Amino acid sequence: MSPAWAIAVPLVGAALIAATGARPNLRETVTLSTAVLLLGVVSSLVPDVMAGALPSAVLAEILPGIALRLEVEPLGMLFALIASGLWIVNSIYSIGYMRGNAEQNQTRFYVCFALALAATMGVAFAGNLLTLFVFYELLTLSTYPLVTHSGKPEAIAGGRTYLGILIGTSIGFLLLGMVWTWQMTGTLEFAPGGILEGKASNAMTGLLLALYMFGIGKAALMPFHRWLPAAMVAPTPVSALLHAVAVVKAGVFSVVKVIVYVFGVDNLARMHSADWLPFAAGFTIVMASLVALRSDNLKRRLAYSTVSQLSYVVLAAALLTPISIVGAALHISAHALGKITLFFAAGAIYTAAHKTEVSQLAGIGRRMPWTMGAFAIGALSMIGLPPFAGFLSKWYILQAAMGTGQTVAVAVIVLSTLLNAGYFLPIVYSAFFKAPAADVHGHGHGEAPLPILIAQTATAAGTVALFFFPGLFLGLAERLAGG
Amino acid sequence: MIAQHFPALQVVVPLMAAPLCVLLRNARLAWAMALAVSWAMVFVAGSLLARVLQEGVISYALGSWEPPWGIEYRIDPLNAFVLVLVSLVGALVISYSRESVDHEVRREQHYLFYAAYLLCLAGLLGIAITGDAFNVFVFLEISSLSTYVLIALGRDRRALTASYQYLIMGTIGATFIVIGVGLLYLMTGTLNMHDLSQRLPAVEHTRPVLAALAFLTVGISLKLALFPLHLWLPNAYAFAPSMVTAFLAATATKVAVYLLLRFFFTVFGAPLVLGEMPLPEILLALSLAAMFAMSIVATFQDDVKRMLAYSSVAQIGYITLGVSTGTAAGLTGTVVHLFNHGITKGALFLLLGCMAMGMKRVTLQHMRGIGRIMPVTTFGVVIGGLGLIGVPLTAGFVSKWYLVLGALERGWWWVAVLILASSLLAVVYVWRIVEAAYFKPPGEQVARLREAPLSMLVPAWAMIAATVYFGVDTRFTAGVAARVAELLLGGFR
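Below, the structure is given as structure tokens:
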């Protein structure tokens, strides 16, 4: 099947959602069936990719010699599977959340969500840098109405930061790096081993790498991370799927892709042009964890945790060994499952108890055991404990860091693990073991609506399942690292 | 048979239709005639372009007086491309204009309005098609005089002062141009551009020829609103009737840019203009100043038409910047941006015209909450705005790509950085419109509005669709532009 279907399906879905906007039940059925169909389309590509084929499709020729072209390689396959699979779960969750909170403009919400997924598939299957850039920008634009969904002043302000940083970095740095690459090499195709070998001096390669790394603002490398906490004004399903999975993973996915297919791992390792990158990533990991430690707002804490975890992927890619590339790819999937669970739980707490701050959560585990149970699983996976998915990826990254003798990277991973534990475990502890504070509002509440519970249980189970059955993802990751 | 005379018909038909409009003295008939003529001109221009691309340069001797004695119409890919742009925009704008002009111009002036439009069209097409330097001046005056009339017909009284301002500046520009042409005639004894290009090298370094270059550069720069000679433009755009603003923004400055390219590359030749004279440096400095100063000024405007007018001056900076790089990619950027910005800005002004149906001036305060009231129009504005920023899949991205590439090819990496930085300023002013339109509650005035009629939306959206289409399929735009750039640099004489 042509990978173009992966983009066409959510696009058609968006049109149908808009057409059925007046009938919410039908509209949600369309969303769910689109999501299921998309996963079907994406899964149908897996056997070919595992067999070493690269299914491709040309959509248009934008500039002479640079086509808008899709090509499915292992990393894109992995990313597309994660995003499309979690879209189904997230759609179930959205139904519970959006109805439970009686949100406005739900049709626009679902339409933009489908458009964002179409853009995500485009990023995942991009066959060259220009295609990646095009869909990357479309992803920013299609998620903007979701970030500003409520239309309140703080949402508009958040939207400004979101758009300002993402468009600013992508046009200011990424586009520049891309045109420069084109000017030097005459190609923008992704090629195993990279396209820059022998075309640029060490210093130029380093500068170009910086343009890409900071230009891909969605990877949230400091100091261009502020858009992510700003995006937390969005409804929680948006934070969960887009700002824990699709958008941020599009960022780190692009980072890995550029390092592997544009610069070439061996090429970079030989030139020492990427030696600064582990420090930049390590700095982001530690600093973001420190901010998370001090944030009382739950979603903000999760956002900074995401900033920190994203840099794990960048750090892993920057270690430039096959095993670290496997770690990077695995961490994309492991963090996606864990973080979406955490956001689902945060949204469940908001929907059932209308609580947003960490300090309000004492004793909530007794009223919402399922929610806080899922939260605990997500948190443990973030910290990197077995038997949860986070352990796997951390293991690979740590192994690579030790193997290359990068003591700084090892120290960063150890320190951040402690910090992770420091900002997640107290939440779990107080939720289950502290006495509930006297409720000022005086209203009782139980668990969140059923669709929410189903969704968060599913992703929590996924976090465990990925630990025991990592076969498919590991296979894809190894294929990527093996060239 | 008749196809042989297309070059003449391209100008003569609208020129003759104008007095006919006056004789008809009927608003509807005048409009119908302008419509028929405009679409016929699209056909003529399209077939001329097709012929040029296939068979090469067309030389047409007007009245069978052989060049260089008679007036020659000389069509190559560059001006055929401009002819297509001008006639296409003209046809779309006139299709749109009926309701808008009904609303904005006094009824008894309608037939005069359409007559003036036809004269302006004839003038602009004439400038583009002619191969005779003095004939350029004649058509320039025809288009300018009719433009002054068109601007002055705006419903706001300030349109009169705007028109007067433009008249003064435009006349100075025209005078400079005619002095330049006169000096060239003095030194070479010919007015035919092709002939000039043959004879100029012999006297290239004489003072009168260099003075002619200076006069022509300044005169044309006034017409194309190169910073800081742009002062006439914001008022003229802001107070002219909506359809006139759209037409002028998409065509008038673009034809002037064409003229600059024609004189620089065909008449004087790239080696003199870009090699020996300090023109690239001057153009570069002025272009950068335009891109930044005018974009910053645009972000502070509350009148949206004026905001986009300043944005136009900034965008003209991109166009001239491409010239200053003197590389094939940069010139491709110039030519392609001529077209892309023409359709993008034209579409935006048409959509603002839709909004102007219900409010006196389209300001950010007045258009609060309009996204809910006029969703189709407003969404069109958003797409057009993305085109101004240069988001991929819009035409603006293609232009920017070539301009950045041109700067890098020349080794001006800092210019590449500045081009991208200035396009971020466009995000600021476009997003002021977006936030006003979508996030503010509609005021009383806006709440009473309705979506614009289809007769206006269809042409406006056709242009919006074109900005997206030419952002995806660039075979026509970038393809022709790349060919033109190659010809211009190859001492195309």
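Those protein sequences? They're chains A and B, same order as listed. So the first sequence is numbered by numbering that gives the first Met the number 0: it starts at 0 and just counts up by one. So the second sequence is numbered by numbering that gives the first Met the number 0: it starts at 0 and just counts up by one. Idealized CB from N, CA, C, for every residue including glycine. Note that the structure is predicted; figures quoted are calculated from it, not measured.
Q | Proximity test, Cβ basis, 9 Å: Thr119(A) and chain D | A | You won't find chain D in this structure, because its protein chains are A and B.
Q. Closest Cβ-Cβ distance between Ala503(B) and chain A: below 9 Å?
A. Since the displayed chain B opens at 0 and closes at 492, residue 503(B) lies outside it and no answer follows.
Q. Going by other Cβ atoms of all chains shown within 10 Å of its Cβ, with 16 needed for buried, is Ala90(B) buried or exposed?
A. buried
(Q) So, under 8 Å CB-CB, Gly274(B) and Asn191(B) are touching, yes? Tell me the CB distance rounded to an integer number of Å. (A) About 24 Å; that fails the 8 Å criterion.
Q) So which residues of chain B does Phe132(A) contact, with C-beta pairs closer than 9 Å? A) Pro391
Q. Helix, strand or coil: how does DSSP classify Asn25(B) here?
A. coil
Q: Return yes when the Cβ of Ala287(A) is within less than 9 Å of the Cβ of Met221(A), no when it is not.
A: yes
Q: Give me the Cα-Cα distance between Pro2(A) and Asp47(A), rounded to the nearest whole angstrom.
A: 11 Å
Q) Distance, Cα to Cα, Leu221(B) vs Gly169(B)? A) 7 Å
Q.
Mapping the DSSP letters down to three states, classify Leu69(A) as helix, strand or coil.
A. strand
Q: Please classify Gly370(B): is it buried, with 16 or more other beta-carbons within 10 angstroms of its beta-carbon, or exposed?
A: buried
Q: Count the CB pairs spanning the stretch 194-202 of chain A and the stretch 266-280 of chain A that are closer than 8 Å, and state whether there are at least three.
A: yes
Q.
Tell me which residues share the same chain as Ser143(B) and place their Cβ nearer than 6 Å to its Cβ, disregarding the 5 neighbours each side in the sequence.
A. Gly169
Q: Measure the Cβ-Cβ separation of Val296(B) and Ala484(B) and say whether it is below 9 Å.
A: no
Q) Which of helix, strand or coil does DSSP assign to Arg156(B)? A) coil
**Q.** Nearest to Gly321(B) (by Cα), restricted to the options Ile315(B), Phe475(B), Ala313(B) and Gly332(B)
**A.** Gly332(B)
**Q.** Residues bridged to Tyr59(B) [DSSP beta-bridge criterion]
**A.** Tyr72(B)
(Q) Let me confirm a value: Ser169(A) is counted as buried when at least 16 other C-beta atoms fall within 10 Å, else exposed. Which label applies? (A) buried
(Q) Against chain A, does Ile426(B) count as a neighbour if the rule is that its beta carbon must be under 9 Å from one of theirs? (A) Per the sequence presented here, residue 426(B) reads as Val, with Ile not at that position. Yes, Val426(B) counts as interfacial toward chain A.
(Q) Considering only the alpha carbon of each residue, which of Ala394(B), Ser196(B), Arg367(B) and Thr376(B) lies closest to Glu450(B)? (A) Thr376(B)
**Q.** Min CB distance Asp472(B) to chain A below 9 Å
**A.** yes
Q | Beta-carbon contacts of Ala315(A) that lie in its chain and below 6 Å, excluding the five residues immediately before and after | A | Ser323, Gly326, Ala327 and Ile396
Q.
Using DSSP's beta-bridge definition, name the partner residues of Val244(A).
A. In the DSSP output, where bridge partners are listed per residue, Val244(A) has none listed.
Q: Give the DSSP bridge partners of Thr362(B), in chain order.
A: Asp302(B)
Q | Bridge-paired residues (DSSP) for Thr129(B) | A | Tyr72(B)
**Q.** Rounded distance between the beta-carbons of Phe134(A) and Val122(A), thought under 8 Å
**A.** 5 Å
Q.
Going by beta-carbon coordinates alone, are Val414(B) and Leu287(B) separated by less than 9 Å?
A. yes
Q: Answer with yes or no whether the minimum CB distance from Trp181(A) to chain B is below 9 Å.
A: yes
Q) Is the distance from the Cβ of Leu138(A) to the Cβ of Ala249(A) below 9 Å? A) yes
(Q) Going by DSSP in three states, Val104(B) sits in which element: helix, strand or coil? (A) coil
**Q.** Residue span of the alpha helix (DSSP H) that contains Glu434(B), given as start and end
**A.** Trp412 to Phe438
Q: Could you run through the stretch 50-73 of chain A and flag, in chain order, every residue whose CB is less than 8 Å away from some CB of chain B?
A: Ala59, Glu60, Ile61, Leu62, Pro63 and Leu67
Q) Can you give the Cα-Cα distance for Ala82(A) and Leu240(A), rounded to whole angstroms? A) 8 Å
Q: Find the residues of chain A that neighbour Ser323(B), judging by a C-beta separation of less than 7 Å, and give them in chain order.
A: Those do not exist, as Ser323(B) stays about 18 Å from chain A at its closest Cβ, beyond 7 Å.
Q | Where the beta strand (DSSP E) containing Glu443(B) begins and where it ends | A | Unbroken run through Glu443(B) is the alpha helix (DSSP H), Glu443 to Ala446; no beta strand (DSSP E).
Q) Taking Cβ-Cβ distances shorter than 8 Å, what residues in chain A pair up with Val493(B)? A) An answer regarding residue 493(B) cannot be provided, because it is not within the stretch 0 to 492 covered by chain B.
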